[in-house]
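Peer 1: Structure incoming, see below.
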Amino acid sequence: MSSLPFVVPLVVFSTMPSGVCLINNADEAWSFLIAHWAGNETAEWKIALNSCQLADLGLLASKQARANFVTAVRLAGMQVDQSHYNF
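Here it is as structure tokens:
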């Protein structure tokens, strides 16, 4: 799969040992959602998973997948910084 990059990468502060993840596209967002699935089986999480897959296939705008990802991650209690360009 080849995802179009998000216009602005996302920095997610998670509960994983590394604590900080840089998400550049729908494929990376999908992988993050899968890795953090345990305890996050909400409807929003599933919508984000589906959206990221569809965006990765070019069937949904990456902007919508990004928005769904941010919603799911925030509802799971993680922080997201959307303000960074060009890490």
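For what it's worth, my numbering labels the leading residue of the sequence shown as 6, then goes sequentially. Every residue, glycine too, gets a C-beta built ideally from N, C-alpha and C.
1) Give the straight-line distance between the Cα atoms of residue 40 and residue 71, rounded to the nearest whole angstrom.
2) Got a sec, what are the start and stop residues for the alpha helix (DSSP H) residue 38 sits in?
3) Mind checking residue 61: buried by the 16 CB within 10 Å criterion, or exposed?
4) Within the 7 Å Cβ cut-off, does residue 40 reach chain D?
5) Measuring alpha carbon to alpha carbon, tell me which of 58, 46 and 33 ends up nearest residue 10.
6) Taking residue 49 as the reference, which of 78, 84, 36 and 43 has the closest Cα?
7) Which first and last residues belong to the alpha helix (DSSP H) in which residue 58 is found?
Peer 2: From the atom records:
1) Walking along the sequence shown from the start, residue 40 turns up at place 35. Walking along the sequence shown from the start, residue 71 turns up at place 66. About 17 Å.
2) One-based indexing of the sequence shown puts residue 38 at position 33. Residue 38 -> alpha helix (DSSP H) spans 31 to 40.
3) Taking the first residue of the sequence shown as 1, we reach residue 61 at position 56. Label assigned to residue 61: buried.
4) This model lacks chain D altogether, as it is built from one protein chain only.
5) Taking the first residue of the sequence shown as position 1, residue 10 is located at position 5. That would be 33, whose Cα lies nearest to the Cα of residue 10.
6) By one-based count along the sequence shown, residue 49 stands at place 44. With distances taken between Cα atoms, residue 49 lies closest to 78.
7) Here residue 58 corresponds to residue number 53 of the sequence shown, with the count starting at 1. 48 to 61 is the span of the alpha helix (DSSP H), which, as asked, contains residue 58.
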